[in-house]
Amino acid sequence: MPIMALFRSSRVDRAKYDAIIEQLDLERSPPPGAMTHTCGFDENGICVADVWNTREDFEAFMTDRLAPVFAKLNLDMERPAIIDVYAMSATDAVDRYKPALAVA
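Residue numbers (our numbering): 13 to 116.
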């Protein structure tokens with residue numbers, strides 16, 4: 013069953029997010045089971061909403077890929093809220109936001 017991982021933090025700014033994403037190299041090495049990734053910032057800091065094919069896929073990503081990057085960058089990693097997906101939809105317009113390497 014797909015899950016949604018919701019992460020909020022006032023301790024991760026744009027520069028830290030960019031460093032995390034650069035280290036993960038998601039465009040060249042997408043994690044198995046990742047379906048969507050959305051990130052935004054407001055007055056309370058970062059908000060990330062990811063959808064994963066299964067909880068196991070997400071947990072493997074957290075353990076094998078994300079935790080080592082956080083450790084390398086000397087960042088504390090908070091656990092996101094995990095919610096079972098009830099419904100999900102997307103339009104073709106989402107294609108324009110896909111990374112260039114993934115679309116090519």
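Virtual Cβ for every residue (Gly too), placed ideally from N, Cα, C.
Quick caveat: nothing in here was measured; it's all calculated off a predicted structure.
Measuring CA to CA, which of 108, 77 and 95 is closest to residue 35?
In the sequence shown, the residue the question calls residue 35 occupies position 23. When the alpha-carbon of residue 35 is set against those of 108, 77 and 95, the nearest one is in 77.
Within the stretch 15-73, ranges of the beta strand (DSSP E) (whole runs, at least 3 residues)
Segments of the beta strand (DSSP E) lying fully in the stretch 15-73: 15-21, 46-54 and 57-64.
According to DSSP, what are the bridge partners of residue 107?
Here residue 107 corresponds to residue number 95 of the sequence shown, with the count starting at 1. DSSP lists no partner for residue 107.
Using the beta-carbon count (16 or more within 10 Å), is residue 16 buried or exposed?
Here residue 16 corresponds to residue number 4 of the sequence shown, with the count starting at 1. Per the 10 Å Cβ criterion, buried.
Residue 93 lies in the alpha helix (DSSP H); which residues open and close that run?
For the purposes of this step, residue 93 is taken as residue 81 along the sequence shown, with counting starting at 1. Where residue 93 is concerned, there is no enclosing alpha helix (DSSP H), although the beta strand (DSSP E) it sits in stretches over 93-96.
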